[in-house]
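Heads up: the structure comes next, in structure tokens.
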Amino acid sequence: MKILIIEDEKELRETLVASLQKEQYVVEIAANYGDAIEKIGLYEYDCILLDITLPDGSGLNILSKLKVMDKSENVIIISAKNSLDDKLKGLDLGADDYLTKPFHIAELNARIKAVLRRKNLDGKNTIEIGNLIFDIDERTLFVNQQSVHLNRKEFDVLNYFLVNKNRLITKTALAEYVWGDQIDQADDFDFIYYQIKNLRKKLQESTADISIESVYGVGYKLVEK
1 MKILIIEDEK ELRETLVASL QKEQYVVEIA ANYGDAIEKI GLYEYDCILL DITLPDGSGL
61 NILSKLKVMD KSENVIIISA KNSLDDKLKG LDLGADDYLT KPFHIAELNA RIKAVLRRKN
121 LDGKNTIEIG NLIFDIDERT LFVNQQSVHL NRKEFDVLNY FLVNKNRLIT KTALAEYVWG
181 DQIDQADDFD FIYYQIKNLR KKLQESTADI SIESVYGVGY KLVEK
């Protein structure tokens with residue numbers, strides 16, 4: 001899962017990054033309005049944590065731009081402002097939740113998981129396809145009721161494919177989702193090939209009812225057998 005933190009307060013931003021990385025999320029940051037606009041224009045995110053008050057613009061304007069761009073990122077507003085007007089404006093512009101500072105990190109983690117379940121999994125914690133059960137919260141995979149070990153990146157890759165079953169996934173989109181926007185510095189996508197190769201082997205050995213097919217020159221597609 002890939003999260004963007006839009007927050008100008010350095011100490012809080014660093015705390016959020018450390019906490020969310022422990023939860024195995026890919027985390028990116030924007031410390032101001034300008035950086036935030038650039039990132040939402042270039043990349044896709046599973047969740048955005050958005051501060052309303054930024055030094056060079058309003059977080060509410062970012063919500064408006066997301067709406068115009070028809071982007072479906074899950075947005076949780078995190079703001080010191082606790083007025084009803086701000087909350088209603090944010091929710092009306094498409095925010096999924098609103099958390100007032102100060103807050104406990106455990107509560108934020110719970111809110112993130114809740115909005116991801118609502119948007120991506122119809123409120124469920126798991127994805128079930130054929131003989132496969134994939135648990136998002138526990139980060140586990142079972143095939144034929146037998147546990148299949150996945151490393152962190154293999155889990156993230158499979159998660160992206162399962163949420164986008166039967167859709168064409170480009171190598172660039174997969175790389176940005178799993179490795180973040182630092183992927184721009186990579187010389188090639190060989191590392192994706194090796195992750196896919198290892199994941200395919202584990203799925204095949206466990207006789208999973210899914211396969212990852214290559215689309216020559218473009219990317220991959222996950223299909224149910």
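For what it's worth, full-length UniProt numbering labels the leading residue of the sequence shown as 1, then goes sequentially. Just so you know, even glycine gets a beta-carbon here, dropped at the ideal spot from N, CA and C. What you are looking at is a predicted structure, and each value in this text was computed from that prediction instead of being measured.
Let me check one thing: in DSSP terms, what residues is residue i bridge-paired to?
i	result
glutamine 146	Val143
asparagine 74	Cys47
lysine 221	Glu213
lysine 81	Its beta-bridge partners do not exist; DSSP assigns none.
alanine 30	Ile6
tyrosine 98	Ile77
leucine 54	Gly57
isoleucine 133	Glu128 and Phe142
Anyone know if the C-beta pair for residue i and residue j falls short of 8 Å?
i	j	result
isoleucine 3	aspartate 46	yes
leucine 199	isoleucine 210	no
glycine 59	isoleucine 6	yes
tyrosine 33	leucine 54	yes
isoleucine 40	leucine 63	no
lysine 119	asparagine 74	yes
valine 157	leucine 141	no
May I ask you to report which of helix, strand or coil DSSP gives residue i?
i	result
glycine 59	helix
leucine 168	coil
glutamate 14	helix
phenylalanine 103	coil
serine 206	coil
glycine 180	coil
glutamine 24	coil
leucine 93	coil
asparagine 109	helix
asparagine 159	helix
asparagine 198	helix
Determine the closest residue to residue i out of the options, with distance taken between C-alpha atoms.
i	options	result
lysine 10	Asp51, Gln24, Gly180 and Thr170	Asp51
asparagine 166	Ser83, Phe103, Tyr177 and Ile212	Ile212
serine 79	Ala173, Arg118, Phe103 and Gly217	Phe103
asparagine 159	Ala175, Ile127 and Asp92	Ile127
isoleucine 29	Lys22, Lys225 and Leu12	Leu12
glycine 94	Thr172, Lys101, Asn82 and Val68	Val68
glutamate 224	Gly34, Phe161, Lys119 and Ile192	Phe161
alanine 208	Phe191, Phe155, Ala106 and Ile133	Ile133
isoleucine 137	Gly180, Tyr25 and Ser83	Checking the sequence shown, residue 137 turns out to be aspartate, not isoleucine. Checked all of Gly180, Tyr25 and Ser83; the closest Cα to aspartate 137 is Tyr25.
threonine 170	Leu88, Glu23 and Ser214	Ser214
glutamine 21	Gly180, Ile192 and Tyr220	Gly180
aspartate 70	Leu49, Leu84, Glu44 and Ser83	Glu44
lysine 201	Leu42, Leu150 and Ser19	Leu150
asparagine 144	Ser83, Leu116, Ala31 and Gly130	Gly130
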